[in-house]
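Everything in the sequence shown is counted per our numbering, starting at 1499 for the first residue and increasing by one.
Step one of this worksheet: look at the structure below.
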Amino acid sequence: MIFPPRADSLQADNLRFAIQMEEETFKKITDLIMDIAKEKGFGTRPEEINTMEKLALIHSEVSEALDAFRKKRMDGENGFEEELADIVIRVAHLAGIYGIDIEKEILKKLNKAKAREWKWEELNEMHS
Ligand SMILES: [Mg+2]
């Protein structure tokens, strides 16, 4: 048996187990982000930040990712890859400030998504 097993080959109730076996990578990343935030003065507690500003900054990273993608700037400085990383870093920072176990929340959401069915014919979205 390949260990850890691939998440996409598992049932929804096994997702948590599979990802925990990968040594809580996301928690380690969040811990590093919080260390840097403390060192650089970006805030580590709710009373040290403006939450709405932090949410707006997440949105700004999404816009930067969109702009990079539109201009076919996929890698390198300010490229699509880096902007997607910026989004995740800002989300993890905000989660860390509020003591939210974002890994657990992602797993909960993935479990819901695996069990849910979408009626694409009723939506005005494109998927290919
Ligand atoms: Mg950016």
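Don't be surprised by glycine CBs; every beta carbon is placed ideally from N, CA and C.
* F1540 in three-state terms, based on DSSP -> coil
* To do: Taking only the alpha-carbon atoms, compute the straight-line gap between K1610 and D1529 and give it to the nearest angstrom.
  => 26 angstroms
* **Endpoints, alpha helix (DSSP H) assigned at M1550** => T1549 to R1568
* To do: Enumerate in chain order the residues of its own chain whose CB-to-CB distance from I1556 is below 8 angstroms, with the five nearest sequence positions on each side excluded.
  => I1585, R1588, V1589 and L1592
* Please name the residue in A1613, L1621 and K1552 whose C-alpha comes closest to that of A1535. => Proximity to A1535 across A1613, L1621 and K1552 peaks at K1552, based on C-alpha coordinates.
* For I1531, which residues from the same chain have a beta carbon less than 7 angstroms from its beta carbon, with the 5 sequence-adjacent residues on both sides left out? -> I1587, A1590, H1591 and G1594.
* Excluding the 5 residues preceding and the 5 following P1544 in the sequence, name in chain order all residues of the same chain whose CB lies nearer than 8 angstroms to its CB. => Close CB contacts of P1544 within its chain, under the 8 angstroms cut and outside five residues either way in sequence, are with I1595 and Y1596 (chain order).
* On the three-state DSSP scale, how would you describe D1599? -> Three-state result, D1599: coil.
* Asked: With E1581 and A1563 assumed to form a contact (beta carbons below 8 angstroms), what rounded beta-carbon distance in angstroms separates them?
  -> 4 angstroms
* Could you check how far apart the C-beta atoms of G1577 and R1571 are, in whole angstroms? I think they sit under 8 angstroms. => Right, their Cβ atoms sit about 5 angstroms apart.
* Sequence-distant residues of the same chain with beta carbon closer than 8 angstroms to W1618, five excluded per side -> H1625
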